[in-house]
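Below: the structure, in structure tokens.
Number of protein chains: 2
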Amino acid sequence: MKELRQDTVRNVLLRSMNSADFDDLVPHLDRVVLKRRHTLEVANRPIEHAYFIEDGLASSIARMGDDRDIEIGVTGREGMTGVSAILGAGQSPHMTIMQVEGWAWAVSIEILLTLLDASVTLRQLLLRYVHTTLVQTATSALVNARARLEERLARWLLMASDRLGGNDLRLTHEFMAVMLGVRRPGVTEAMHILEGYGLVRATRGQVSIIDRGRLEEFANGAYGAYEAEYARLMGSTLGGAGRRY
Amino acid sequence: MKELRQDTVRNVLLRSMNSADFDDLVPHLDRVVLKRRHTLEVANRPIEHAYFIEDGLASSIARMGDDRDIEIGVTGREGMTGVSAILGAGQSPHMTIMQVEGWAWAVSIEILLTLLDASVTLRQLLLRYVHTTLVQTATSALVNARARLEERLARWLLMASDRLGGNDLRLTHEFMAVMLGVRRPGVTEAMHILEGYGLVRATRGQVSIIDRGRLEEFANGAYGAYEAEYARLMGSTLGGAGRRY
DNA sequence: GCGGCTAGGTACGATAGCGGACCCGACGTT
DNA sequence: AACGTCGGGTCCGCTATCGTACCTAGCCGC
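Here the protein sequences come in this chain order: A and B. Using UniProt numbering, the letters of the first sequence correspond one by one to residues 1 to 245. Using UniProt numbering, the letters of the second sequence correspond one by one to residues 1 to 245.
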């Protein structure tokens, strides 16, 4: 692990870091396998570690009573968890759990905060990343209020594809229904609309994006703001499947 | 203005600052009167100033096409604008405009960033505040997806009361409809529900909160997470009308 | 190649909120 | 006192989505 080279990691934040910051961080990174439903952050409990995701998908969830959850953000290899701890809040009222299994580099918050205090450049990078998560959450608020289900589904598929890599996603309707906070048959219906326009093709337990460009258009403003900010500030696209903004 | 004393300002962030940070900031503060609809931040344009609100209400708005706006956050004397600039992003895809006129202390972003780099304590305070705005935005995402209109109205009234001070708000249904992103008659209906439970009383152009405690309960989880985080991290309640969490 | 499970398709009535229109009453102006 | 304007109340039919239920088809294990 102490042999870790910056050009071999997949996590975009780790790759974007200046090499001095990376070298300071490496000795404190632990490789962690993250199974589905593994809880990275518990609501209102101290955050112990930040995770630089290498593979898989984590989502942040806000809760309003037991059966009224909603996903407020999703993180893959473009980002990290532990944003509230970076901001010095120690914990947050939201939980973060793995939705698609994978693995990550974990670092204790205590150490990360020390490194952040010591390095202006690391601070700059991670605070800019915090800004992009703010944009992502704001977009969630926007689309939850204003977009139709099929637009939200389009957005979610695009985001998942960006983070997992590739255009073929192994996801069930049931799963996407939970992510979007809607009924399962609602997803089926919305998916048929996307299929009707030839944007995606769905088979049992799998969705393939057929025409990414038109899917982005179809999302009609639900997708793109976060991605543009990410590109502007991280100087790197999200590493989806051959994309440009 | 250079005579400004910390215990005479109303803005909670300015009051909470340690006195050295406050003294460094004061020479750079300009008193600015902010009329209704004054634009504090334009979407995707460099943010020039941060504003510590002393009176009035600003809201941050995300847009998805011309007629699909939504308020993603609201700021009064408990906070400040310019969060994305503090994070080093320079600008953001959202706009911020005054909804209830008032005034604020403005500081140029350039100077604020310099002060932030120089002071750990100032950085701590403002980054913690950034965390609370993240919670506020996440709660907007949550309630837009999950709460009924009357719950969202309850939340909004409570937030407005916290920020403007007092239980009597001079607001029209039309105005609240724009804030909540719903039809005006929808607000009328929702308001009747709140009145029916004896939680508020509404007369022409005015809403009075009658039973704040039960209004919070009625909001049913739509209100409280932000406020609890604010109290936890800022060590100060929001200065509403005699409240406890 | 049969049984059982899981994912997906469909259908039905219910409901929240929409878009738009219309009316009425309160209030300020002259 | 009369008028005009603005804020609020109400009503219509409409649409998106819900909750629930039931059915079908693909897939796995044996």
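Every residue, glycine too, gets a C-beta built ideally from N, C-alpha and C.
Check your understanding: Any residues in the segment 87-120 of chain B with a beta carbon nearer than 8 angstroms to a beta carbon of chain A? Which ones, in chain order?
Key -> L87, G88, A89, S92, P93, H94, D117, V120
Practice item. Taking C-beta pairs closer than 8 angstroms, name the residues in chain A that G65/B reaches, listed in chain order. Key: Taking the second sequence and counting its residues from 1, one reaches residue 65/B at position 65. What G65/B touches in chain A: N220, G221.
Check your understanding: What separation, rounded to the nearest whole angstrom, lies between the Cα atoms of L29/A and I109/A?
Key -> Position 29 of the first sequence holds residue 29/A. Position 109 of the first sequence holds residue 109/A. If I take the Cα positions, the gap works out to 11 angstroms.
Check your understanding: Leaving out the 5 sequence neighbours to the left and right, which residues in its chain are closer than 8 angstroms to S16/A when beta-carbon positions are compared?
Key -> Your numbering for residue 16/A matches position 16 in the first sequence. Contacts found: L125, M234, G235, S236.
Point to revise | N- and C-terminal bounds of the beta strand (DSSP E) containing S208/A | key: For this step, residue 208/A is matched to residue 208 along the first sequence. Element bounds for S208/A: 206-209.
Practice item. Check the Cβ of E229/A against every Cβ in chain B and list those closer than 8 angstroms, keeping chain order. Key: Taking the first sequence and counting its residues from 1, one reaches residue 229/A at position 229. Result: A89, S92, P93.
Point to revise | D117/A, buried or exposed, once every other Cβ within 10 Å from all chains shown has been counted against 16 | key: Taking the first sequence and counting its residues from 1, the one referred to as residue 117/A is at position 117. D117/A should be labelled exposed.
Check your understanding: Between S161/A and A138/B, what straight-line distance do the alpha-carbon atoms span, to the nearest angstrom?
Key -> Locating residue 161/A in the first sequence gives position 161, where the first residue counts as 1. Locating residue 138/B in the second sequence gives position 138, where the first residue counts as 1. Roughly 23 angstroms separates the two Cα atoms.
Review point. So, is V120/A buried or exposed, given that buried needs 16 or more other C-beta atoms within 10 angstroms?
Key: For this step, residue 120/A is matched to residue 120 along the first sequence. Answer is exposed; the Cβ neighbour count stays below 16.
Point to revise | Residue-chain proximity (L158/B, chain A), Cβ-Cβ < 9 angstroms | key: As a position in the second sequence, residue 158/B is number 158, starting the count at 1. By this cut-off, L158/B is not an interface position.
Point to revise | Chain-order list of residues whose beta-carbon lies under 7 angstroms from that of R37/B (same chain, five-residue window excluded) | key: For the purposes of this step, residue 37/B is identified with residue 37 of the second sequence, where counting begins at 1. The answer, listed in chain order, is I97, M98.
Review point. On the three-state DSSP scale, how would you describe Y230/A?
Key: Working through the first sequence from its first residue, we reach residue 230/A at position 230. Reduced to three states, the DSSP call for Y230/A is helix.
Review point. Do the segment 81-91 of chain A and the segment 40-50 of chain A meet, that is, are 3 or more Cβ pairs less than 8 angstroms apart?
Key: yes
**Study point:** Chain-order list of residues whose beta-carbon lies under 7 angstroms from that of I210/B (same chain, five-residue window excluded)
**Key:** Translated into the one-based positions of the second sequence, residue 210/B becomes position 210. Excluding positions up to five away in sequence, the list reads G198, L199, V200, R201.
Practice item. Tell me whether R148/A sits in a helix, a strand or coil according to DSSP, three-state version. Key: Along the first sequence, one-based indexing puts residue 148/A at 148. R148/A: coil per DSSP, three-state reduction.
Review point. Which residues in chain A sit within 7 angstroms of V135/B, going by Cβ to Cβ distance?
Key: On the second sequence, position 135 is the one that residue 135/B refers to. By Cβ distance, chain A contributes S92, P93.
Practice item. Consult DSSP for H38/B and reduce its assignment to one of helix, strand or coil. Key: On the second sequence, residue 38/B is found 38 positions in, with the first residue counted as 1. Coil at H38/B, not helix or strand.
Review point. If the cut is a Cβ gap below 7 angstroms, which residues of chain B does N18/A touch?
Key: On the first sequence, position 18 is the one that residue 18/A refers to. In chain order: nothing, as chain B lies at least about 15 angstroms away.
Review point. Between V143/B and E3/B, what straight-line distance do the alpha-carbon atoms span, to the nearest angstrom?
Key: Locating residue 143/B in the second sequence gives position 143, where the first residue counts as 1. Locating residue 3/B in the second sequence gives position 3, where the first residue counts as 1. When rounded, the distance between both Cα atoms is 43 angstroms.
Point to revise | Test item: CB-CB of G56/B and W105/B under 9 angstroms | key: As a position in the second sequence, residue 56/B is number 56, starting the count at 1. As a position in the second sequence, residue 105/B is number 105, starting the count at 1. No.
Check your understanding: L127/B touches chain A at which residues, Cβ-Cβ below 7 angstroms?
Key -> By 1-based counting over the second sequence, the position of residue 127/B is 127. Correct list: L87, G88.
Check your understanding: Touching or not, the segment 170-183 of chain A and the segment 63-74 of chain A, by the rule of three or more beta carbon pairs under 8 angstroms?
Key -> yes
Practice item. Could you pull the start and end residues of the beta strand (DSSP E) that V83/B belongs to? Key: For the purposes of this step, residue 83/B is identified with residue 83 of the second sequence, where counting begins at 1. No beta strand (DSSP E) holds V83/B; the alpha helix (DSSP H) holding it covers 83-86.
Check your understanding: So I111/B is in the alpha helix (DSSP H); what residue range does that whole segment cover?
Key -> As a working mapping, residue 111/B is identified with position 111 in the second sequence. I111/B -> alpha helix (DSSP H) spans 109-118.
Check your understanding: Along chain A, in chain order, which residues have C-beta atoms closer than 9 angstroms to that of I193/B?
Key -> Taking the second sequence and counting its residues from 1, one reaches residue 193/B at position 193. Simply none; closest approach about 18 angstroms.
Practice item. Can you have a look at E151/A and say buried or exposed, based on whether 16 or more other CB atoms are within 10 angstroms of its CB? Key: Position 151 of the first sequence, counting from 1, holds the residue named residue 151/A. Classification of E151/A: buried, given that the 10 Å Cβ count is 16 or more.
Exercise for review: Output, in chain order, the set of chain A residues within a Cβ distance shorter than 8 angstroms of R155/B.
Suggested key: Walking along the second sequence from the start, residue 155/B turns up at place 155. What R155/B touches in chain A: nothing, since even the nearest Cβ is about 10 angstroms away.
Practice item. Could you check what DSSP says for Y129/A in three-state terms: helix, strand or coil? Key: Walking along the first sequence from the start, residue 129/A turns up at place 129. Y129/A: helix per DSSP, three-state reduction.
Review point. Taking just the CA atoms, how far does K35/A sit from A222/B?
Key: Residue 222/B sits at position 222 when you count from the first residue of the second sequence. Residue 35/A sits at position 35 when you count from the first residue of the first sequence. Answer to the nearest angstrom: the Cα atoms are 31 angstroms apart.
Check your understanding: Around the C-beta of Q91/A, are 16 or more other C-beta atoms found within 10 angstroms, so that it is buried, or is it exposed?
Key -> Locating residue 91/A in the first sequence gives position 91, counting from the first residue. The residue is buried, with at least 16 neighbouring Cβ atoms inside 10 Å.
Exercise for review: Express the C-alpha separation of L112/A and R45/A in angstroms, rounding to a whole number.
Suggested key: Indexing the first sequence from 1 puts residue 45/A at position 45. Indexing the first sequence from 1 puts residue 112/A at position 112. Distance between the alpha carbons of R45/A and L112/A is about 18 angstroms.
Review point. Which word fits Q206/B, buried or exposed, when buried means at least 16 other C-beta atoms lie within 10 angstroms of its C-beta?
Key: Numbered from its first residue, the second sequence carries residue 206/B at position 206. The residue in question, Q206/B, is exposed, as its Cβ has fewer than 16 Cβ neighbours within 10 Å.
Point to revise | Anticipated Cβ contact below 8 angstroms, L194/A with L87/B, distance rounded | key: In the first sequence, the residue the question calls residue 194/A occupies position 194. In the second sequence, the residue the question calls residue 87/B occupies position 87. Wrong, their Cβ atoms sit about 34 angstroms apart, outside the cutoff.
Exercise for review: Note down, in chain order, each residue of its chain lying with its Cβ closer than 8 angstroms to the Cβ of V12/A, except the 5 sequence neighbours on either side.
Suggested key: What you label residue 12/A is simply residue 12 of the first sequence in a count that begins at 1. Hits under 8 angstroms: R77, E78, G79, M234, S236, L238, G239.
**Study point:** As assigned by DSSP and simplified to three states, the class of G196/A
**Key:** The count along the first sequence starts at 1 and reaches residue 196/A at position 196. In the structure shown, G196/A sits in a helix (DSSP, three-state: H, G or I).
Point to revise | With 16 other Cβ atoms within 10 Å as the buried cut-off, status of S19/A | key: What you label residue 19/A is simply residue 19 of the first sequence in a count that begins at 1. Looking at its Cβ environment, which holds fewer than 16 other Cβ atoms inside 10 Å, S19/A is exposed.
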